[in-house]
Structure formats: C-alpha cells, structure tokens
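Student: Protein chains in written order, with my numbering: chain A, 39 to 354; chain B, 39 to 354. All residues carry an ideal CB built from backbone N, CA and C; glycine is no exception. What follows is a structure written as structure tokens; I'll ask about it next.
Quick look at the structure:
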C-alpha cells in the first residue's frame with residue numbers, strides 16, 4: 039500500500055508569554071498552516087504553490103521552512119524520490135504566532151505521512167527545527183508546541199527537553215495582531231545581553247510561579263505571573279504599537295493580564311471565560327482602530343492535539 | 039486567663055537548593071530551635087540564657103535574632119511589659135540550615151503565645167524578618183519555611199508572596215554539615231553581579247522545571263533540575279570543601295542529586311527513600327572523615343507544620 043498524497047495541519051503557537059521568555063510555548067486552536075505533500079518526478083522537494091501569504095514567502099524549497107523541514111524528513115528516511123508541496127498559510131507572517139514554525143511542522147508531518155509514517159511525531163522535532171532555523175533561529179519554543187500541542191516547558195532542543203504542562207480548563211486568550219511587522223531578528227537585537235543577579239532571581243521566581251499556577255489552574259495568578267517579566271517586555275515595548283493602551287483596554291474588559299506573544303507584535307490577553315475573551319477581543323480591536331492601524335483578532339484556547347494528518351490518499 | 043510562660047519550636051530550613059536561589063525554601067523535620075518566653079520585671083526583652091551555641095551567640099537582645107523578633111512582636115502588640123527569653127539551639131550556626139531564622143521564628147512565636155496569640159502565624163513574618171535581617175539580610179527564604187512549614191516559592195517579603203508548593207511524599211534528604219563556617223556575607227560576595235541573558239533563560243527554565251517536578255512528585259527530575267544551576271554553585275563551590283567528592287559519593291549511594299543548602303557549607307542529597315538516604319548520609323560522612331574534617335549529618339524530610347507552640351503555662 040503506497041500513499042500518493044498526504045495533507046497535514048500544524049497549529050499556530052505562542053511563545054515567551056512574558057516571563058516565560060525562550061522557555062514557554064503553547065499551541066492555539068485557532069489558526070494554522072496546512073501542507074499537502076505528493077510524490078513528484080522532480081528530485082528533492084519542490085514547492086508547487088503557497089496560498090495565503092500574499093506572495094511574500096519563497097518558493098525556493100531551501101529557503102522555505104516547510105521545504106527545509108520536508109527535505110530533512112526525506113533525508114532522515116533516506117528516501118531520494120521527489121516530493122511536491124502545496125502550502126496553505128492560515129496565519130499572519132512575522133506576527134509572533136509561530137507562522138514559520140507551523141509551516142515547518144506541517145511540512146514535516148505531511149512528508150512523514152506520505153512516507154507511511156516511519157517516524158513518531160517527536161522524532162520529527164529535529165527536522166522541524168531545521169526548517170524553523172532558516173527564519174527564526176534554532177529554537178523549539180514555537181516548533182515544539184505546534185508539533186506536540188498543549189503548553190510546553192522548553193529546556194532545550196531535543197524531544198526529552200520538552201515537558202508538557204497542565205492546561206487549565208478555563209484558560210482562553212484574546213489575541214490581536216496589528217498590521218505592523220516585527221522581524222524576530224530585530225526583536226532579538228533590542229534585548230539586553232546581560233541582566234543583574236537580582237533581575238535573574240525575579241525572573242526565576244515568576245517563571246516558577248507560572249508553572250505553579252498552571253498546575254493549580256488559577257488563571258488570575260497565572261496572568262499576573264506572566265506579566266511580571268521585567269526583562270523582555272521593557273526592552274521590546276517600543277516595537278509593539280499601543281501596548282499600554284491594549285493592556286488597559288483588555289483589563290477593563292475583563293482580562294487578567296496581557297503579554298506579548300513571541301517576538302510580537304501580536305498581543306495575548308489572558309482570560310478565564312470565552313464570552314469575556316470575546317469582549318476583550320473587541321476592545322483590543324477598538325484600540326488599534328482608534329490608532330488608525332489594521333489588525334487581525336481572534337479568541338483561542340490551547341490546542342491540546344498539536345500537528346496531525348488531515349488526509350492521506352492511497353496510490354490507485 | 040493570663041499566660042505566664044510559652045515555649046515555641048521553629049524548624050531548621052534549607053533555602054536556594056541549586057537553581058532555586060533566593061526563591062525556594064523548605065522546612066526540615068530534623069533540627070530546630072526552641073525559645074521559652076516568660077514575663078520579666080526588666081523592661082523590653084532580656085535573654086536569660088542560650089544553650090547549644092558554645093557561647094557564640096550574643097545575649098544582647100538587640101543583636102540576637104530571637105531577641106529582635108521578640109521585641110518586634112511586643113511592639114506590634116503595643117505591649118510594654120518586659121519579657122525574658124531562654125533559647126535552646128538545636129542547629130549548627132552559620133551552616134546553611136537557617137539557624138538564625140529558626141531562632142527569630144521561635145522567638146516571635148513564643149512571645150505571640152505569651153501574649154495570648156493576638157497574631158496569626160503569617161502576621162509574624164515581618165517580626166521574624168526583622169530578626170533575620172540582623173544576621174542574614176531581609177529575606178524570607180529561611181524565615182518563611184521555618185514559620186509556615188512545607189516547601190515555599192518566595193517572590194517577596196510579605197505573606198502574600200509566599201506560595202506553598204506540593205511536597206512529594208517520598209522526598210527525603212541526606213544532609214551533611216562539615217565543620218567549617220561559611221558566613222552568609224562572604225557567600226554573597228562571591229556571586230556574580232550580572233549574568234548573561236542566556237544564563238537567565240537557563241535558570242528560569244530549570245526553576246520552572248523544579249516546580250513542575252514538585253507538582254508531579256517525580257524526585258529524579260526534581261533533583262536534576264535543582265542541580266542544573268549554572269550561576270550560584272559555580273561561584274560558591276570553592277567555599278564548600280569536597281563538594282564534587284560528596285556529590286559523587288551521594289550518587290554512588292543512591293541519591294539523585296546534591297545541592298548546597300542555603301549559603302552552605304551544608305550539602306543536601308536528594309533521595310526518594312529513607313533507607314537510601316541513610317546510606318547516603320554515611321557515604322557523605324566518610325568523605326569528610328577521609329578529608330580530616332568533622333561533620334554533622336542527618337536524614338530529614340520536609341516539615342509540613344512549621345513553627346508551633348510547644349507549651350504554655352497559665353499564671354497561677
């Protein structure tokens with residue numbers, strides 16, 4: 039039985055979330071990328087099409103995160119047949135929602151399915167990281183959650199350094215992405231290279247508090263702990279238009295806190311009720327509207343499942 | 039009904055524990071101080087006696103942590119009667135087992151009981167901190183656990199910044215204190231003033247991992263996470279005789295890890311079985327014996343209860 043076509047989905051993800059800089063990431067149940075992989079007579083990986091990117095992403099498979107991840111899976115499996123990919127972006131680019139990671143993950147999962155699934159999902163991590171590295175650096179904080187789902191504590195770049203944390207049942211986010219780009223490289227460049235020991239102690243305390251709150255399921259302390267970051271947000275704040283106004287509007291509408299998602303400009307307001315989160319979403323959109331900025335907004339919970347195969351077709 | 043005498047006990051405690059520098063502390067069920075408080079005709083606080091300190095602690099109540107804490111409680115209660123204290127030390131001094139904190143806590147709890155317990159236990163925190171500050175700085179990482187018991191995450195110096203973490207049922211320590219003094223001030227002085235951002239990320243990741251492991255009750259990952267500290271132990275290691283040899287011996291005897299307790303020189307080996315911990319205790323003693331150093335060693339679990347009143351006597 040040979041598979042002729044496989045389609046995979048990988049969800050959006052949010053990393054950092056305030057005090058969890060470079061160590062925390064979660065998958066979202068709204069927004070994600072789809073990659074369809076088929077055998078091709080052209081050797082290596084070809085990208086047949088990309089939709090939903092307004093023509094901004096490279097079709098060159100060696101420069102496209104899905105292409106690189108797909109190639110890496112073929113290499114891992116020692117397969118030298120050609121594969122063609124069709125990529126459907128369901129996420130804004132360079133927005134802090136793990137767009138490059140979702141493409142890499144969907145590419146790897148689709149090709150693995152096309153090959154008859156020789157690899158476990160966690161075994162695809164290295165291939166996904168290779169794809170992600172082309173755009174955002176070799177880091178698992180988006181790739182990990184997009185691949186595996188849930189909320190992850192990330193202590194390294196191997197499967198055994200990703201730890202699933204409990205997902206509080208009522209946790210829901212109002213997520214808003216203003217129409218400005220914040221390249222990850224620029225967001226990295228503004229960070230301090232060193233921090234004081236006292237600051238380190240503060241960050242460790244609140245990172246610990248985030249994990250404690252996830253285990254106890256207490257959303258309000260969770261949000262307060264996430265917001266307690268005194269290192270990353272102060273350094274990046276100027277890259278995020280209207281952050282203070284958004285935080286004030288979100289809290290006035292019932293959110294417990296607001297943090298930058300990934301390297302921004304997406305902001306995530308932390309809520310414990312879907313109806314409240316929807317009001318917060320509207321309030322956040324109003325802030326950008328008033329500032330004359332376009333934005334994309336959604337309400338999302340944590341995606342427990344992570345990347346998965348949507349469909350496979352058997353060779354006839 | 040007037041109380042004429044009250045006796046209180048406060049347990050030993052271990053702070054820091056590797057990656058939990060300045061944010062983690064726990065109370066121990068082995069070792070602690072007892073303070074007996076009685077009314078006296080001398081105004082203010084008098085220290086009638088100290089036993090178990092080899093004459094090293096000051097009888098001047100304004101320089102003694104129990105005396106200062108006792109005075110602070112009298113001041114809080116607006117009582118100007120004289121109080122006399124008898125202090126029984128059950129802990130080695132300047133050893134990293136919270137000796138100064140235990141005296142302060144026992145002093146505060148004893149005087150509160152003598153007054154008829156006008157204050158809740160957590161309301162005594164400020165008085166205990168005042169006592170501790172005279173010796174070790176204004177920090178709750180020993181005083182908090184000694185007062186309240188259990189394992190605490192400490193984000194500040196007020197009762198609402200102390201968070202009880204779960205205590206894994208099988209968690210037990212082999213604890214060894216070599217006969218060398220490491221003054222807290224010296225142990226502070228050797229710490230770096232700044233760390234790199236990358237180091238901060240590492241420390242936050244493993245502090246988060248410690249809390250996760252406490253919640254899941256997994257002792258081996260807990261020990262590995264505690265040991266992952268790359269900031270404090272490297273800086274202080276030279277003050278701790280035979281640390282590497284102790285770690286190797288502890289692990290060979292069945293411990294999952296070994297960390298410095300507080301500012302040292304006490305070392306704590308993390309185990310999940312009391313019989314194993316006892317073997318580890320013997321192995322640690324052998325290391326110091328071989329090096330020609332005296333030492334004090336014990337096996338201890340977490341003290342869930344914290345400081346408490348041992349006895350009160352009603353005025354006849």
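May I ask you to verify whether the region 125-137 of chain B touches the region 51-60 of chain B, counting CB pairs closer than 8 Å and requiring at least 3?
Tutor: Output reads yes: the region 51-60 of chain B touches the region 125-137 of chain B.
Student: Determine the DSSP secondary structure at residue 45 of chain A, reduced to helix, strand or coil.
Tutor: In the first chain, counting from the first residue as 1, residue 45 of chain A sits at position 7. Of the three classes helix, strand and coil, the one that applies to residue 45 of chain A here is strand, per DSSP.
Student: Residue 186 of chain B and residue 344 of chain B look like a contact to me (Cβ under 8 Å); what is the Cβ gap, rounded to whole Å?
Tutor: As a first step, residue 186 of chain B is located in the second chain; it is residue number 148 there, counting from the start. As a first step, residue 344 of chain B is located in the second chain; it is residue number 306 there, counting from the start. That belief holds up - the Cβ atoms of residue 186 of chain B and residue 344 of chain B are roughly 5 Å apart, short of 8 Å.
Student: Taking just the CA atoms, how far does residue 300 of chain B sit from residue 322 of chain B?
Tutor: One-based indexing of the second chain puts residue 322 of chain B at position 284. One-based indexing of the second chain puts residue 300 of chain B at position 262. Going from the Cα of residue 322 of chain B to the Cα of residue 300 of chain B covers about 18 Å.
Student: So for residue 156 of chain B, helix, strand or coil by DSSP?
Tutor: Numbered from its first residue, the second chain carries residue 156 of chain B at position 118. Correct three-state label for residue 156 of chain B: coil.
Student: Go ahead and pull the three-state DSSP assignment for residue 105 of chain B.
Tutor: Position 67 of the second chain, counted from the start, is the residue given in the question as residue 105 of chain B. If DSSP states are grouped into helix, strand and coil, residue 105 of chain B belongs with the helices.
Student: Quick check on the burial criterion: 16 or more other C-beta atoms within 10 angstroms. Buried or exposed for residue 280 of chain A?
Tutor: Counting from 1 along the first chain, the entry for residue 280 of chain A is found at position 242. Buried.
Student: So residue 232 of chain B contacts chain A; which residues on that side make the cut at Cβ distance below 9 Å?
Tutor: For the purposes of this step, residue 232 of chain B is identified with residue 194 of the second chain, where counting begins at 1. By Cβ distance, chain A contributes 232, 233, 234, 235, 237 and 238.
Student: If we cut at 9 Å on Cβ distances, does residue 247 of chain A have a partner in chain B?
Tutor: In the first chain, the residue the question calls residue 247 of chain A occupies position 209. For residue 247 of chain A, the answer is yes, since a Cβ of chain B falls inside 9 Å of its Cβ.
Student: Just verifying my parser: in three-state terms, what is the DSSP assignment at residue 168 of chain A?
Tutor: Along the first chain, one-based indexing puts residue 168 of chain A at 130. In this structure, residue 168 of chain A counts as helix in the three-state DSSP scheme.
Student: Here's a check: name, in chain order, each residue in its chain whose Cβ is nearer than 8 Å to the Cβ of residue 357 of chain B, leaving out the five neighbours to either side.
Tutor: Residue 357 of chain B falls outside the range modelled here, since chain B spans only 39 to 354, and no answer is possible.
Student: For the alpha helix (DSSP H) holding residue 288 of chain A, just list the boundary residues, first then last.
Tutor: The sequence position of residue 288 of chain A within the first chain is 250, counting from 1. Element bounds for residue 288 of chain A: 281-290.
Student: Quick test of your reading: residue 318 of chain A and residue 293 of chain A, contact by CB under 8 Å. State the CB separation rounded to the nearest angstrom.
Tutor: Numbered from 1 along the first chain, position 280 holds the residue referred to as residue 318 of chain A. Numbered from 1 along the first chain, position 255 holds the residue referred to as residue 293 of chain A. Correct: roughly 5 Å between the Cβ atoms.
Student: From the DSSP output, which residues share a beta bridge with residue 71 of chain A?
Tutor: Mapped onto the first chain, residue 71 of chain A falls at position 33. Residue 71 of chain A is bridged to A:48.
Student: Would a C-beta distance cut-off of 9 Å place residue 142 of chain B and residue 164 of chain B closer than the cut-off?
Tutor: Translated into positions along the second chain, residue 142 of chain B becomes position 104. Translated into positions along the second chain, residue 164 of chain B becomes position 126. In this structure, residue 164 of chain B does not lie closer than 9 Å to residue 142 of chain B by Cβ.
Student: Would you call the region 122-133 of chain B and the region 72-88 of chain B in contact, with 3 or more CB pairs under 8 Å?
Tutor: Yes, since at least three Cβ pairs between the region 122-133 of chain B and the region 72-88 of chain B fall closer than 8 Å, the two stretches touch.
Student: Residue 249 of chain A and residue 191 of chain A - do their beta-carbons sit closer together than 9 Å?
Tutor: The residue given as residue 191 of chain A occupies position 153 in the first chain. The residue given as residue 249 of chain A occupies position 211 in the first chain. Going by C-beta atoms, residue 191 of chain A is nearer than 9 Å to residue 249 of chain A.
Student: Does residue 57 of chain B come within less than 9 Å of chain C when only Cβ atoms are used?
Tutor: No chain C appears in the structure shown, which is made up of the protein chains A and B.
Student: For residue 307 of chain B and residue 111 of chain B, I'd like the C-alpha separation in whole angstroms.
Tutor: Residue mapping note: residue 307 of chain B aligns to position 269 of the second chain, counting from 1. Residue mapping note: residue 111 of chain B aligns to position 73 of the second chain, counting from 1. One C-alpha to the other measures close to 36 Å.
Student: Any idea if residue 207 of chain A is buried or exposed, counting beta-carbon neighbours within 10 angstroms, 16 or more meaning buried?
Tutor: In the first chain, counting from the first residue as 1, residue 207 of chain A sits at position 169. Exposed.
Student: Following the continuous beta strand (DSSP E) through residue 246 of chain A, name the residue where it begins and the one where it ends.
Tutor: Residue mapping note: residue 246 of chain A aligns to position 208 of the first chain, counting from 1. First-last for residue 246 of chain A: 235-254, but that is the alpha helix (DSSP H), not the beta strand (DSSP E).
Student: Tell me, please, whether the CB atom of residue 195 of chain A is closer than 9 Å to any CB atom in chain B?
Tutor: Stepping through the first chain from its first residue, residue 195 of chain A is reached at position 157. Not one chain B Cβ lies under 9 Å of residue 195 of chain A.
Student: Establish whether the CB of residue 222 of chain A and some CB of chain B are separated by less than 9 Å.
Tutor: Here residue 222 of chain A is taken as the residue at index 184 of the first chain, counted from 1. Chain B contact via Cβ: absent.
Student: Let me see if you follow: with CB-CB separation under 9 Å, is residue 244 of chain B close to chain A or not?
Tutor: Against the second chain, residue 244 of chain B aligns to sequence position 206. Yes, because at least one Cβ of chain A sits closer than 9 Å to the Cβ of residue 244 of chain B.
Student: Could you say which of A:189, A:277 and A:288 lies nearest to residue 214 of chain A if we only look at CA atoms?
Tutor: Position 176 of the first chain, counting from 1, holds the residue named residue 214 of chain A. It is A:288.
Student: Under three-state DSSP, which class holds residue 206 of chain B?
Tutor: Here residue 206 of chain B corresponds to residue number 168 of the second chain, with the count starting at 1. Of the three classes helix, strand and coil, the one that applies to residue 206 of chain B here is coil, per DSSP.
Student: Which residues in chain A sit within 8 Å of residue 241 of chain B, going by Cβ to Cβ distance?
Tutor: One-based indexing of the second chain puts residue 241 of chain B at position 203. Per Cβ cutoff of 8 Å: 238, 241 and 242.
Student: What are the boundary residues of the beta strand (DSSP E) that residue 218 of chain B is part of?
Tutor: Residue mapping note: residue 218 of chain B aligns to position 180 of the second chain, counting from 1. It is not in any beta strand (DSSP E) - residue 218 of chain B carries neither H nor E in the DSSP assignment.
Student: For a cutoff of 9 Å on Cβ pairs, would you count residue 98 of chain B as touching chain A?
Tutor: Working through the second chain from its first residue, we reach residue 98 of chain B at position 60. Residue 98 of chain B does not count as touching chain A.
Student: Can you pull out the residues from the region 45-73 of chain B whose beta carbon lies closer than 9 Å to at least one beta carbon of chain A?
Tutor: Listed by position, the residues of the region 45-73 of chain B near chain A (Cβ gap below 9 Å) are 57, 58, 59, 60, 61 and 62.
Student: Examine the Cβ distances between the region 235-253 of chain B and the region 250-259 of chain A and report whether three or more of them are shorter than 8 Å.
Tutor: At 8 Å Cβ cutoff, the stretches touch.
Student: Check whether the region 96-106 of chain A touches the region 165-175 of chain A, counting contact only when three or more Cβ pairs, one atom from each stretch, lie closer than 8 Å.
Tutor: Result yes; three or more Cβ-Cβ pairs closer than 8 Å.
Student: Over what stretch of residues does the beta strand (DSSP E) that includes residue 349 of chain B continue unbroken?
Tutor: To locate residue 349 of chain B, count along the second chain from 1; it is residue 311. Unbroken beta strand (DSSP E) run through residue 349 of chain B: 346-352.
Student: If you reduce the DSSP assignment to three classes, tell me which class residue 268 of chain A lands in.
Tutor: Sequence index remark: in the first chain, residue 268 of chain A carries index 230 (1-based). Correct three-state label for residue 268 of chain A: coil.
Student: For residue 73 of chain B, which residues from the same chain have a beta carbon less than 6 Å from its beta carbon, with the 5 sequence-adjacent residues on both sides left out?
Tutor: Working through the second chain from its first residue, we reach residue 73 of chain B at position 35. Contacts found: 46, 104, 123, 125, 144, 145 and 148.
Student: Output, in chain order, the set of chain A residues within a Cβ distance shorter than 8 Å of residue 201 of chain B.
Tutor: Residue mapping note: residue 201 of chain B aligns to position 163 of the second chain, counting from 1. Within 8 Å Cβ-Cβ: 247 and 250.
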